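Enquirer:
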Amino acid sequence: ATPTSIMVGTGKAAESGILFKGGEHLERTHKLDAIIFDKTGTLTKGKPEVTDFIGENDVLALLASAEKASEHPLAEAIVSYAERKQLPLAKATSFEAIPGHGIVALVDGKEMVVGNRKLLKDKQIELNEQVEMLGKWEAQGKTAMLVAVDGQLSGMIAVQDTIKPSAVEAITQLKAQNLQVIMLTGDNKTTAEAIAKQVGINQVYAEVLPEQKADKVKEVQLQGKTVAMVGDGINDAPALALADIGIAIDTGTEVAIEASDVTILGGELLLIPKAIKWSHATIRNIR
Ligand code: ADP
Ligand code: MG
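When you read off a place in the sequence shown, starting at 1, and then add 126, the result is the number in the working numbering.
#1: Which residues count as close to ligand 2 when the rule is a CB under 5 Å from any of its heavy atoms, in chain order?
#2: Is residue 306 closer than 9 Å to residue 401 when the C-beta atoms are compared?
#3: Three-state secondary structure (DSSP) at residue 389?
#4: May I ask which residues mark the beginning and end of the beta strand (DSSP E) holding residue 287?
#5: Given this structure, state the Cα-to-Cα distance separating residue 231 from residue 281, to the nearest angstrom.
#6: Can you name, in chain order, every residue of its own chain whose Cβ lies under 6 Å from the Cβ of residue 294, other than the five neighbours on each side?
#7: Would DSSP call residue 164 helix, strand or coil?
#8: Go ahead and label residue 399 buried or exposed: buried means 16 or more other beta carbons lie within 10 angstroms of its beta carbon, across all protein chains shown.
#9: Would you mind working out which of 314, 350, 405 and 190 sits nearest residue 234, comparing C-alpha positions?
#10: Ligand 1 and residue 317: does any heavy atom of the ligand fall closer than 8 Å to the residue's C-beta?
#11: May I ask you to verify whether the region 378-386 touches the region 353-366, counting CB pairs closer than 8 Å and requiring at least 3?
#12: Between which residues of its own chain and residue 185 is the CB-CB distance below 8 Å, once the five residues before and five after are set aside?
#13: Excluding the 5 residues preceding and the 5 following residue 247 in the sequence, name in chain order all residues of the same chain whose CB lies nearer than 7 Å to its CB.
#14: If you draw a straight line from the alpha carbon of residue 261 to that of residue 316, how long is it in whole angstroms?
#15: Between residue 321 and residue 267, how many whole angstroms is the CB-CB distance? I'm expecting something under 8 Å.
#16: Residue 193: beta carbon under 8 Å from a heavy atom of ligand 1?
#17: So, is residue 79 buried or exposed, given that buried needs 16 or more other C-beta atoms within 10 angstroms?
#18: Please state whether the Cβ-Cβ distance between residue 377 and residue 167 is less than 9 Å.
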């Protein structure tokens, strides 16, 4: 490979918003066999909104007070929902995030447990037939959470994130480029599959804990594939670093950008098939 044409290639890519850290990354991009997408903030806008809440207003106030201490996008959605209803929020006196599962907090002397079924089961909170509602929400692509106050199931809430408008076309183009396309998320399996269907992805790894995301990249690499990982979050950083090509969404966290080889401006997913096209064109010119 002549360094000059690689330099021209990375320069041209940069003009359209694809920032390769170095020429070797452009070269490696042309060898990709598989591409793994994080869901939240990558395929979706990452700005979820509350769509459903079942429970009393005082439970919602406690729930939002607990979530105020969390930095998760789900938490932000819940807090602004309660604020719009002008509910008085208290300050949590203790708070713990359980990555991939939810939160535990103390608000007004009440113990709040908020998160998925697994978290509530782990905390020995009894679930009733009401939780069947969760499956219904999840089939619509919503993220559903259970709310317990002092060990009692007291509410359920659903939050929905919308897919990016260009996600479908980007996935279509990547498949046409003969790439195996996979979605990777910590979210529930039913929710993940509903979103995957909307964007046209048929291979999904769901309920993957943040620390296991890199293991999934490794798994695909061990199948003999050259793998790209696309992500935006702190929890994507190890997977982005391990992937043959890490692709960060610039609207995400600095940690994700640092761990990556390529950054895509404006979170525009169509730039990914474009980057692959650039790499093919550049390598073809060299040979
Ligand atoms: P993602 O990969 O989509 O960012 P996470 O791994 O962060 O998902 O979270 C996985 C699941 O854990 C969520 O779908 C939700 O059920 C639960 N969860 C995470 N954070 C919170 C929170 N602050 N409040 C309630 N539930 C949460
Ligand atoms: Mg994300």
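Ideal Cβ positions, reconstructed from N, Cα and C, are used throughout, including at glycine.
Keep in mind the model is a prediction, meaning the values are calculated, not measured.
Expert: This is what the structure holds:
#1: In chain order, the qualifying residues are 164, 166, 167, 358 and 359.
#2: Counted from its first residue, the sequence shown places residue 401 at position 275. Counted from its first residue, the sequence shown places residue 306 at position 180. No, Cβ-Cβ distance for residue 401 and residue 306 is not below 9 Å.
#3: Residue numbering aside, residue 389 sits at position 263 when the sequence shown is read from its first letter. If DSSP states are grouped into helix, strand and coil, residue 389 belongs with the strands.
#4: For the purposes of this step, residue 287 is taken as the residue at position 161 of the sequence shown. Element bounds for residue 287: n/a, residue is neither H nor E.
#5: Working through the sequence shown from its first residue, we reach residue 231 at position 105. Working through the sequence shown from its first residue, we reach residue 281 at position 155. In a straight line, the C-alpha of residue 231 is about 15 Å away from that of residue 281.
#6: For the purposes of this step, residue 294 is taken as the residue at position 168 of the sequence shown. Taken in chain order, the residues that qualify are 325 and 326.
#7: Taking the sequence shown and counting its residues from 1, the one referred to as residue 164 is at position 38. Residue 164 falls in the strand class under three-state DSSP.
#8: Position 273 of the sequence shown, counted from the start, is the residue given in the question as residue 399. Under this definition residue 399 is a buried residue.
#9: Along the sequence shown, one-based indexing puts residue 234 at 108. The candidate whose alpha carbon is nearest that of residue 234 is 190.
#10: Position 191 of the sequence shown, counting from 1, holds the residue named residue 317. Result yes, Cβ under 8 Å from ligand 1.
#11: Using a C-beta cut-off of 8 Å, the region 378-386 makes contact with the region 353-366, since at least three inter-stretch Cβ pairs fall below that distance.
#12: Here residue 185 refers to the residue found at position 59 when the sequence shown is read from its first residue. Take residue 185, set aside five residues on each side of it, and the residues of its chain with a beta-carbon closer than 8 Å to its own are 273, 275, 280 and 281, in chain order.
#13: Taking the sequence shown and counting its residues from 1, the one referred to as residue 247 is at position 121. Cβ neighbours of residue 247 beyond the five flanking positions: none.
#14: What you label residue 261 is simply residue 135 of the sequence shown in a count that begins at 1. What you label residue 316 is simply residue 190 of the sequence shown in a count that begins at 1. Looking at the two C-alpha atoms, the distance is approximately 7 Å.
#15: Here residue 321 is taken as the residue at index 195 of the sequence shown, counted from 1. Here residue 267 is taken as the residue at index 141 of the sequence shown, counted from 1. Their Cβ separation, rounded to whole angstroms, is 5 Å, which keeps residue 321 and residue 267 in contact under 8 Å.
#16: Within the sequence shown, residue 193 is the residue found at index 67, counting from 1. Result yes, Cβ under 8 Å from ligand 1.
#17: Here the chain has residues from 127 to 413 only, and residue 79 is not among them.
#18: Mapped onto the sequence shown, residue 377 falls at position 251. Mapped onto the sequence shown, residue 167 falls at position 41. In this structure, residue 167 lies closer than 9 Å to residue 377 by Cβ.
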